[in-house]
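Participant: Number 315 marks the last residue of the sequence shown (this note's numbering); no jumps.
First the structure, which I've put down as structure tokens, then a few questions once you've had a look.
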Amino acid sequence: MKRKIIAIVLIIGVGVYFLLNGSEKAMNKDVIKRLEQEENAANFNFETKSVKLNSGYEMPLNGLGTYRLTGDTCYDAVSIALASGVRLIDTAYMYGNEEEIGESIRDSGIPREEIFVITKIYPSQFDRPKEAIELALEKLNIGYIDMMLLHHPGTNDVLAYKEMEKYVESGKIHSLGLSNWYVKELKEFLPQVNVMPALVQNEIHPYYQENDVIPFIQNLGIVVQGWYPFGGRGYTSELLNNETIVKIANNHNVSSAQVILRWNLQKGVVVIPGSSNPKHIKENTDIYGFELTEEEMQEINSLDKNEKHDWY
Ligand SMILES: NC(=O)c1ccc[n+]([C@@H]2O[C@H](COP(=O)([O-])OP(=O)(O)OC[C@H]3O[C@@H](n4cnc5c(N)ncnc54)[C@H](OP(=O)(O)O)[C@@H]3O)[C@@H](O)[C@H]2O)c1
């Protein structure tokens, strides 16, 4: 709150200064952009490790991604994550693991309302959205779904979203969001729906930073969540051994993975690293005890190669 007030006062101050100087040209766009970003990132509560969504619900700032985890591996990874304090689990119809995730959550003994589950319906389901939503509820079997996303833009995406809106009214889904929606897609989609998405989940890592897209989404009051924080399988070693990231990790006596996750949080991006390794799962939660300097943030920002690691 304090940072928000400071940011607002600074923005007004900068505005008055330029008004008095009458020089539109002289306006320092970088300063304005930084202040806007600071204000957005400030919505993250680092004490509670959560962010308040525009739907009114609180969502944890770090979670477990479960792409490619199935069966016992998935069940165990979710159990270990929950036991390590993780309270956000990301899944999808496409991952084929909603049943084992639901089971692991039920077996954990942790009160349901303390856990935040995100699932997604796939474009192949968009023409029969009610069926798709009922299937997710049935497979997860945890009473309600905290957040449901459309996995990709596709034919009938508006129809599917409007069906999800009905489930928000009935309380079976708490919040709605989108995945793999960028500026153009959002501009087309948003005027056609009634409930503002609370979350957009897109590919974000040091080699693919989406620096134009993130503030656009955040300025709509939507929280941004990044997938493939370590570049995704097949790319993690290159990213985790990047010499700039290793150097910064050494500065703070933490791992490269922790530096990347912390960089995301300081940009106002929620993280859902995927892992089935207990040591990594625990390490990925330990990202609140250090802070990257502005200079270190810039060093990582400069690694952007606009290098997408998947087709969507
Ligand atoms: N919406 C979408 O379209 C979309 C697309 C892709 C992914 N996602 C979501 O985003 C999540 C994250 O993506 P991802 O899991 O594919 O890729 P990722 O998080 O970038 O990387 C996962 C890889 O990193 C390794 N790893 C994890 N923590 C580590 C650590 N501390 N040190 C070293 N290595 C570590 C994991 O190996 P170990 O198992 O050995 O730890 C795994 O091989 C997914 O699980 C999924 O929930 C969404």
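Virtual Cβ for every residue (Gly too), placed ideally from N, Cα, C.
Predicted, not measured: the structure shown is a model, and the values here were computed from it.
#1: Threshold first: 3 residues or longer. Then list the beta strand (DSSP E) segments lying entirely within the stretch 129-174, N to C.
#2: Return the bridge partner residues of S178 from the DSSP annotation.
#3: Sorry if obvious, but does the Cβ on G146 come closer than 8 Å to a heavy atom of ligand 2?
#4: Using the C-alpha atoms, what's the distance from L243 back to V249?
#5: Please state the DSSP three-state secondary structure of S279.
#6: Looking only at its own chain, which residues have a Cβ that is under 6 Å from the Cβ of N31, when we skip the five neighbours before and after it?
#7: Are the beta-carbon atoms of N159 and Y185 separated by less than 9 Å?
#8: Tell me the residue span of the alpha helix (DSSP H) that contains T247.
#9: Using the three-state DSSP reduction, which class does D75 fall into: helix, strand or coil?
#10: Which word fits E299, buried or exposed, when buried means at least 16 other C-beta atoms lie within 10 angstroms of its C-beta?
#11: Rounded C-beta distance between N304 and Q212? I'm assuming under 8 Å.
#12: At a cut of 8 Å, does the stretch 53-62 reach the stretch 71-89 through at least three beta carbon pairs?
#13: Hey, A135 and A163: beta-carbon distance below 9 Å or not?
#14: By alpha-carbon positions, which one of M167, P281, N214 and D93 ends up nearest to A80?
#15: Assign V186 to one of three DSSP states: helix, strand, or coil.
#16: Determine the direct distance from the alpha carbon of L72 to that of S279, and round the result to whole angstroms.
#17: Mind pulling the alpha helix (DSSP H) runs of 4 or more residues that sit fully within the stretch 77-127?
#18: Flag E137 as yes when its Cβ comes closer than 8 Å to any non-hydrogen atom of ligand 1, and as no otherwise.
#19: Looking at the unbroken alpha helix (DSSP H) that takes in L64, where does it start and where does it end?
#20: Using only the alpha-carbon positions, how far apart do T296 and I225 sit?
#21: When every heavy atom of ligand 1 is checked, does at least one fall within less than 8 Å of the C-beta of L152?
#22: Does DSSP classify L206 as helix, strand or coil?
#23: Out of G234, L202, R109 and W230, which has the shortest C-alpha to C-alpha gap to F219?
#24: Considering only their Cβ atoms, is the gap separating I92 from L67 smaller than 9 Å?
#25: Could you compute how far the alpha carbon of T288 sits from the alpha carbon of M167?
#26: Out of E294, I104, T239 and K311, state which residue places its alpha-carbon closest to the alpha-carbon of T76.
#27: What are the boundary residues of the alpha helix (DSSP H) that includes S58?
#28: What does a CB cutoff of less than 7 Å around I113 pick up in its chain, not counting 5 residues either side in sequence?
#29: By the 10 Å Cβ neighbour count, where 16 or more other Cβ atoms means buried, how is W314 classified, buried or exposed?
#30: Go ahead and pull the three-state DSSP assignment for V198.
Facilitator: Reading it off the structure:
#1: 148-153
#2: Your numbering for residue 178 matches position 175 in the sequence shown. In DSSP, S178 forms a bridge with M150.
#3: Of the ligands one can find in the structure shown, namely ligand 1, none is ligand 2.
#4: Position 246 of the sequence shown, counted from the start, is the residue given in the question as residue 249. Position 240 of the sequence shown, counted from the start, is the residue given in the question as residue 243. If you take the alpha carbons of V249 and L243, they lie about 7 Å apart.
#5: Position 276 of the sequence shown, counted from the first residue, corresponds to residue 279. S279: coil per DSSP, three-state reduction.
#6: Walking along the sequence shown from the start, residue 31 turns up at place 28. In this prediction, N31 has a pLDDT of 43, which is less than 50 and means its spatial position is unreliable; what the coordinates show is noted afterwards. Taken in chain order, the list of residues that qualify is empty.
#7: The count along the sequence shown starts at 1 and reaches residue 159 at position 156. The count along the sequence shown starts at 1 and reaches residue 185 at position 182. Their beta carbons are not under 9 Å apart, which means N159 does not touch Y185 by this criterion.
#8: Here residue 247 refers to the residue found at position 244 of the sequence shown. For T247, the enclosing alpha helix (DSSP H) starts and ends at E246 to H255.
#9: If you number the sequence shown from 1, residue 75 lands on position 72. In the structure shown, D75 sits in a helix (DSSP, three-state: H, G or I).
#10: By 1-based counting over the sequence shown, the position of residue 299 is 296. It counts as buried.
#11: Against the sequence shown, residue 304 aligns to sequence position 301. Against the sequence shown, residue 212 aligns to sequence position 209. That belief holds up - the Cβ atoms of N304 and Q212 are roughly 7 Å apart, short of 8 Å.
#12: no
#13: Locating residue 135 in the sequence shown gives position 132, where the first residue counts as 1. Locating residue 163 in the sequence shown gives position 160, where the first residue counts as 1. Cβ distance < 9 Å, so A135 and A163 count as in contact.
#14: Start at 1 with the first residue of the sequence shown, and residue 80 comes out as number 77. Nearest C-alpha to A80 among M167, P281, N214 and D93: P281.
#15: Position 183 of the sequence shown, counted from the first residue, corresponds to residue 186. Note: V186 maps to helix in three-state DSSP.
#16: Residue 279 sits at position 276 when you count from the first residue of the sequence shown. Residue 72 sits at position 69 when you count from the first residue of the sequence shown. Those two C-alpha atoms are separated by around 7 Å.
#17: Fully enclosed alpha helix (DSSP H) runs of no fewer than 4 residues occupy 101-111 of the stretch 77-127, in order along the chain.
#18: Against the sequence shown, residue 137 aligns to sequence position 134. Answer for E137: no, Cβ out of range of ligand 1.
#19: Numbered from its first residue, the sequence shown carries residue 64 at position 61. Run containing L64: none; DSSP gives neither H nor E here.
#20: As a working note, residue 296 is residue 293 in the sequence shown. As a working note, residue 225 is residue 222 in the sequence shown. Cα to Cα, T296 sits roughly 26 Å from I225.
#21: Residue numbering aside, residue 152 sits at position 149 when the sequence shown is read from its first letter. Answer for L152: yes, Cβ within range of ligand 1.
#22: Counted from its first residue, the sequence shown places residue 206 at position 203. The sequence shown places Glu at residue 206, not Leu. Residue state, collapsed to three classes: strand.
#23: Taking the first residue of the sequence shown as 1, we reach residue 219 at position 216. Looking at the Cα atoms, L202 is the closest of the given residues.
#24: Mapped onto the sequence shown, residue 67 falls at position 64. Mapped onto the sequence shown, residue 92 falls at position 89. Against a cut-off of 9 Å, the Cβ pair of I92 and L67 comes out as a contact.
#25: Numbered from 1 along the sequence shown, position 285 holds the residue referred to as residue 288. Numbered from 1 along the sequence shown, position 164 holds the residue referred to as residue 167. If I take the Cα positions, the gap works out to 31 Å.
#26: The residue given as residue 76 occupies position 73 in the sequence shown. That would be I104, whose Cα lies nearest to the Cα of T76.
#27: Against the sequence shown, residue 58 aligns to sequence position 55. Element bounds for S58: n/a, residue is neither H nor E.
#28: Sequence index remark: in the sequence shown, residue 113 carries index 110 (1-based). Taken in chain order, the residues that qualify are L85.
#29: In the sequence shown, residue 314 corresponds to position 311, counting from 1. That one is exposed.
#30: By one-based count along the sequence shown, residue 198 stands at place 195. In this structure, V198 counts as coil in the three-state DSSP scheme.
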